[in-house]
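Colleague: Okay, handing you the structure first.
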Amino acid sequence: MDLKKILNDRILIFDGAMGTMLQQSGLKPGELPELLNLENPAIVEKIHRAYVEAGADVVSANTFQAHELKLGKKNSVEDVVSAGIDCARRSGATYVALDVGPLGQLLEPMGTISFETAYNVFKRQMIAGENAGADLIIIETVSDPYEAKAAVLAAKENTSLPVICTMTFQEDGRTFVGCDPLTATILLQGLGVDALGVNCSVGPEALSPIVRTMLQYAKVPVVMQANAGMPVIRGDKTHYHLSAEEYVTEVMALVRQGVKIVGGCCGTTPAHIRMLKEQTTLLRPVCPDSTIITACTSGTKTVVFDGALIEIGERLNPTGKKKMQQALRDGDNAFIIDEAIAQTEAGARVLDVNVGLPDIDEPAVLVKTIKTVQGVTNAPIQIDSADPSALNAAARIYNGCPIINSLNGKQDVMDAVFPIAKKYGALIVCLTLDENGIPPTANGRLAIARRIRDVARDYEIPDENLLIDCLVLTASAQQSQVKETLLAIRMVKAELGLKTVLGVSNVSFGLPKRELINSTFLSAAYGAGLDAAIINPLSPEYRRVLDAIRVLNNEDKNAVAYIEKYANSEIDTIAAAVSPTHCATAKAAAAGTATGGLTLFEIISQGRKDQTAAKVEELLLNSPPLDIVNNEFIPALNSVGQRFEKGELFLPQLMLCAQAVQNGFTVIKARMLSTGEKGQSGEKILLATVQGDIHDIGKNIVKMLLENYGFDVIDLGKDVPIERVVSAAKDHDVRLIGLSSLMTTTVKSMKETIAAVRDAKLDCAFLVGGAVLNEEYAKFVGAEYYAKDAMDGVAIANRFFNNG
Amino acid sequence: MEQSKSEVLRYLGFSNQELSQELNNLIDECMAMMHEEVKPRHVCRTFGIDFKKTGIEVIGSILVLQGDDILSHLAGCSNVVLLAATLGVTADTLIRRYEGVDITRALILDACATQYIEEYCDHVEEELRNDATKCKLKLTPRFSPGYGDLPLNIQPEILAALDAEKRIGLTCTGNLILLPRKSVTALMGQGEHAIQSRKNCGNCKSCSKRDTCSFKRTQS
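Okay, structure coming up:
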């Protein structure tokens, strides 16, 4: 089926609703319509035939939920799908589409289905459809762009059929997970669908703002299959009130603006389709010009390179950062999340993520890190790696269209990276260097940029997806070349019309007062036309310059933000280059007045979590770190714990105290890292929320308290497969495992997990907790200890390790 | 103290401890954040019921309600109103985001979300009761899967009967956990003789965990 050719000549008409038609014929809500393909195919065929006679070109087979998660064990996907395609074929339709709906389960991190699992479920359905003879695939009613990505990839990688994808939007213009029409358009066409659009939820007119946005930015044909109005429930019946005339009038308004494929969703009937066919028969499709933009997306946000200077946060990079290296090696998600959120709150609109360390499995760690970051922020991500297999793995599971950092002018690098960018719709940072190194002149860099662009065109990657990095060398080593970078930026923009990006911090390497050189260079680059800068958003000097640039660049309209921030503040004049002791004393002195002279015991007991760090810095001037832990933290924690047990404190108060200690520990650990002092490593405890359960706030509270008491907690997270608990217990050689579960339905997983560890002959005791548990359930699952609350868990752990 | 804040405190295990100004402000802030960023949705539908030996058949759906507690709850009713409500993924995302950087705030947001969905359901229930009254009918309080001896395994069927996935984006995992997490499904009996009193439900005294629960309401 040559979709493109068909759409040159006419509007393509899909059929109308199947579900609501079947319900009118007696199907009960809750019954799977797809099973009728096997149990009563005549009734399905009859509905298809009615649509064909009404003029539909394409019939969507009754396969919307024909995947293994909905069909379960009783019927095979292959049987239901091929029966569905057969019914559709027998109706005499010109084209038969495999209809693929969402899985009915939320994907990670909101739910329990991994991206990989979703892909595999879709894959099976898609292959079954092609084998059964479908002419094309339509993926519809999707709310989650991540799910759409899994489905589109499954279709494109496992079949050779045209792929259409439509998403469903609510009246507020967003999907249930918050995706907007622009983001949906960029993502779907980035993945290479043959047509994209919207279906379901509301009537055609209510969809028009969404459709108009899609028409503006889509480079592929736009599809609309609206409901026959908003569904209204009266008693036990659902009503869709738009008549065929009303429906078609609203649809035609959008066809005239450029929609090329139309049909009907819930509530539509053959009458609606007949009228649609009549009104579009002699129409030639309108081809609106698509607005070209350079854009990257997350699942719910698009960042467009349209004249504002885009800040890309560079802090998630282990080079020269001991803390981050340690965090990556330990699997410390909290550190990563902290850095990600701090950067976005400081103003970064995109986050660069790099995990390049020699001794780790970079693709696996990069995948894990990106899944973590995209779970907590909706800023698009720039995937940073020199390893194409890491880039590929990460771009694949990324929710949205990322930026790939980077490729360069070497042919083998371009050949390795361009296909990845093409497949996942990514923007690409292109370094103007090649086999001969970095050209010393602007002309030389321009030539490489031109060459990269030509090769990109061979790979069918549009010019607007390239971000040229003209490279900046250090002023201290190659001073005469700094100007060449600025000139190169100007030339790339003027002569090639391409966007530019730069990692600014390099320029000041080796010089004092780096921030002054960096921010001045940033201003100069902005003046040369730089579109995006990779910088540290938490640097006060950068922040000041960027705030000013936003005024000068007409972004901060009427300088509202600038005035609010700077009208009353005093510029911070503490010198940047000071010795660590001096700095600590200054901080401690400042803190002393702020805390009003409270002791550390008092600060912790009162839960003043923002004051511990400074106080601990002060105490470290006179005491070794471990003394502070043993003589200050532990007694304070014990006192707080007792007050909690007595009911003098309730849970949030306990947690503020625990956070206070946690913040103190951060300072202690940083000190020990810098002096190379090794602390006594605490006893190890493995923690997990069991398989099938996604509640983990209780477990995380226990983790925090256990770490406060010096235990080394290995946290496996939530919904942890049984095998993973067993292998982690083996690898880390733990003696105590804490399991959490919230539902009666997942207590079973707890029992199975414990049994599996026992079967593996590991010498472990189990501590269990969670809202559903009690002494009785603890015995049932085979655990030695039951903790009724977080403090109880700590007490049990302490007793366990002290008694051996 | 106003009703919704005292409910949030109850979910946090509050029992008249001394509340500092900062903690008080944090709770207020979290409540405001939850209300500002989150948009609750619901879908409901009325079905006729048939009292059979195998259980209460919900006519026009595949649902059959079993157990003694739902039987007494729906006594005297001719219809059942099914309700599904959710705060959506925004609430979960908000809580998850703070779990990484400020767990106390995450805990408080979690309690605020629980209070918000319950308050929203109270509101919807009241509207439904007013509608019923106009038709000279009574409406029982809400009764959810998992209460008493009404099994959890009817969750998927309730969602399917309401087309909840399509209408409000509410799903159910294989382990019967509703996702997004801050969601409620409930049944209300409707009829001339429906029992409107809260004596046997929505009430700590009738709950099976009343002896061990640390979140009990102190007044009845």
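Chains A and B, in that order, give the protein sequences.
Sequential numbering from 1 applies to the first sequence in this note's numbering.
Sequential numbering from 1 applies to the second sequence in this note's numbering.
No residue lacks a Cβ here, since even glycine has one placed at the ideal position from N, Cα and C.
I need the boundaries of the beta strand (DSSP E) containing serine 60(A), first residue and last residue.
Modeller: Where serine 60(A) is concerned, the enclosing beta strand (DSSP E) stretches over 58 to 60.
Colleague: Counting beta carbon pairs with one atom in the stretch 168 to 180 of chain A and one in the stretch 135 to 149 of chain A, are three or more of them shorter than 8 Å?
Modeller: Result yes; three or more Cβ-Cβ pairs closer than 8 Å.
Colleague: Would you kindly work out how many angstroms separate the C-alpha atoms of isoleucine 119(B) and cysteine 112(B), rounded to a whole number?
Modeller: First, the residue type needs correcting, since residue 119(B) is glutamate and not isoleucine in the sequence shown. In a straight line, the C-alpha of glutamate 119(B) is about 10 Å away from that of cysteine 112(B).
Colleague: Between the C-alpha atoms of alanine 369(A) and methionine 1(B), what's the straight-line distance to the nearest angstrom?
Modeller: For the sequence presented, residue 369(A) should be read as threonine rather than alanine. Using only the alpha carbons, I get a separation of about 43 Å.
Colleague: In the DSSP assignment, find the beta strand (DSSP E) that holds tyrosine 459(A) and state where it starts and stops.
Modeller: No beta strand (DSSP E) contains tyrosine 459(A), which DSSP labels as neither H nor E.
Colleague: Measuring CB to CB, does leucine 620(A) end up less than 8 Å from arginine 671(A)?
Modeller: Contact flag set, yes.
Colleague: Tell whether a beta-carbon distance below 8 Å holds between serine 539(A) and glutamate 515(A).
Modeller: Yes. Within cutoff.
Colleague: Per the DSSP calculation, tyrosine 120(B) is bridged to which residue(s)?
Modeller: Looking at the DSSP assignment, tyrosine 120(B) forms no beta bridge with any residue, so it has no partner.
Colleague: If you count every other CB in all the chains shown that lies within 10 Å of the CB of glycine 169(B), and 16 or more means buried, which is it?
Modeller: When all chains shown are included, glycine 169(B) counts as buried.
Colleague: Hey, out of Arg129(B), Leu9(B), Arg167(B) and Arg210(B), whose CA is closest to lysine 138(B)'s CA?
Modeller: Ranking the options by Cα distance to lysine 138(B), first place goes to Arg129(B).
Colleague: In the stretch 22 to 51 of chain B, which residues sit with their C-beta less than 9 Å from some C-beta in chain A, listed in chain order?
Modeller: Against chain A - using a Cβ distance shorter than 9 Å - the residues of the stretch 22 to 51 of chain B are Glu22, Leu23, Leu26, Ile27, Lys39, Arg41, Val43, Cys44, Arg45, Thr46, Phe47 and Gly48.
Colleague: Using beta carbons (cut-off 8 Å, strictly below), is glycine 770(A) in contact with chain B?
Modeller: Closer than 8 Å: no.
Colleague: Which first and last residues belong to the beta strand (DSSP E) in which glutamate 140(A) is found?
Modeller: Start and end: 136 to 142.
Colleague: For glycine 191(B), write down the residues that DSSP places opposite it in a beta bridge.
Modeller: Bridge partners of glycine 191(B): Lys138(B).
Colleague: Could you give the C-beta distance for isoleucine 177(B) and isoleucine 694(A), rounded to a whole number, given that I count them as a contact under 8 Å?
Modeller: Sure, about 7 Å apart at Cβ, within 8 Å.
Colleague: Isoleucine 722(A) CB to nearest chain C CB: under 8 Å?
Modeller: Of the protein chains in the structure, A and B, none is chain C.
Colleague: So asparagine 700(A) packs on isoleucine 95(B), CB below 8 Å; how close in whole Å?
Modeller: Not really, about 11 Å apart at Cβ, beyond 8 Å.
Colleague: Taking Cβ-Cβ distances shorter than 8 Å, what residues in chain B pair up with leucine 656(A)?
Modeller: Here the neighbours are Leu23 and Thr104.
Colleague: Taking 8 Å as the CB-CB limit, is threonine 302(A) close to chain B?
Modeller: False, the Cβ-Cβ gap to chain B never drops below 8 Å.
Colleague: Are tyrosine 240(A) and cysteine 266(A) closer than 8 Å when you measure CB to CB?
Modeller: Yes, Cβ-Cβ distance for tyrosine 240(A) and cysteine 266(A) is below 8 Å.
Colleague: Whole angstroms are fine: how far does the CA of alanine 421(A) sit from the CA of valine 429(A)?
Modeller: Cα to Cα, the separation comes out at about 10 Å.
Colleague: At 7 Å on the CB atoms, spell out the chain B contacts of valine 177(A), in chain order.
Modeller: Going along chain B in sequence order, the residues near valine 177(A) (Cβ under 7 Å) are Val89.
Colleague: Within 8 Å of any Cβ in chain A, is that where the Cβ of phenylalanine 14(B) sits?
Modeller: Yes, its Cβ sits closer than 8 Å to a Cβ of chain A.
Colleague: Going by DSSP in three states, serine 740(A) sits in which element: helix, strand or coil?
Modeller: Strand.
Colleague: Whose Cβ in chain B lies nearer than 8 Å to the Cβ of methionine 110(A)?
Modeller: Going along chain B in sequence order, the residues near methionine 110(A) (Cβ under 8 Å) are Val89, Asp92, Thr93, Leu179 and Pro180.
Colleague: Determine the extent of the beta strand (DSSP E) in which asparagine 37(A) is found, giving its start and end residues.
Modeller: First-last for asparagine 37(A): 36 to 39, but that is the alpha helix (DSSP H), not the beta strand (DSSP E).
Colleague: Look at valine 353(A) and arginine 97(B) and say whether their C-beta atoms are less than 8 Å apart.
Modeller: No, these two residues do not count as a Cβ contact at 8 Å.
Colleague: Skipping 5 residues on each side, what residues in its chain have a beta carbon closer than 8 Å to that of proline 625(A)?
Modeller: The answer, listed in chain order, is Ile668, Arg671, Met672, Glu677 and Gly679.
Colleague: Ignore the nearest five residues each way along the sequence and tell me which others in arginine 181(B)'s own chain have a CB closer than 7 Å to its CB.
Modeller: So the qualifying residues of the chain are Asp92.
Colleague: Provide the residue(s) that pair with asparagine 354(A) in DSSP beta bridges, ordered along the chain.
Modeller: DSSP, once it has assigned bridges, lists Asp384(A) as partnering asparagine 354(A).
Colleague: On the DSSP letters alone, give me the boundaries of the alpha helix (DSSP H) that alanine 151(A) sits inside.
Modeller: Here the alpha helix (DSSP H) through alanine 151(A) covers 145 to 158.
Colleague: What residue ranges within the stretch 152 to 223 of chain A form continuous alpha helix (DSSP H) runs of no fewer than 4 residues, ordered along the chain?
Modeller: Listed in chain order, the complete alpha helix (DSSP H) runs (minimum 4 residues) inside the stretch 152 to 223 of chain A are 181 to 190 and 204 to 217.
Colleague: How would you call phenylalanine 122(A), buried or exposed, if buried means at least 16 neighbouring beta carbons within 10 angstroms?
Modeller: The residue in question, phenylalanine 122(A), is buried, as its Cβ has 16 or more Cβ neighbours within 10 Å.
Colleague: Rounded to whole angstroms, what is the Cα-Cα separation between histidine 582(A) and isoleucine 404(A)?
Modeller: Confidence at histidine 582(A) is low in this model, with a pLDDT of 40, below 50, so the placement of that residue is unreliable and no value is reported for it.
Colleague: State the beta-bridge partners of glycine 264(A) as determined by DSSP.
Modeller: BP columns for glycine 264(A) point to Ala226(A).
Colleague: By how many angstroms is the C-alpha of valine 89(B) removed from the C-alpha of phenylalanine 837(A)?
Modeller: The displayed coordinates of chain A run from 1 to 804. Any statement about residue 837(A) would go beyond what the structure contains.
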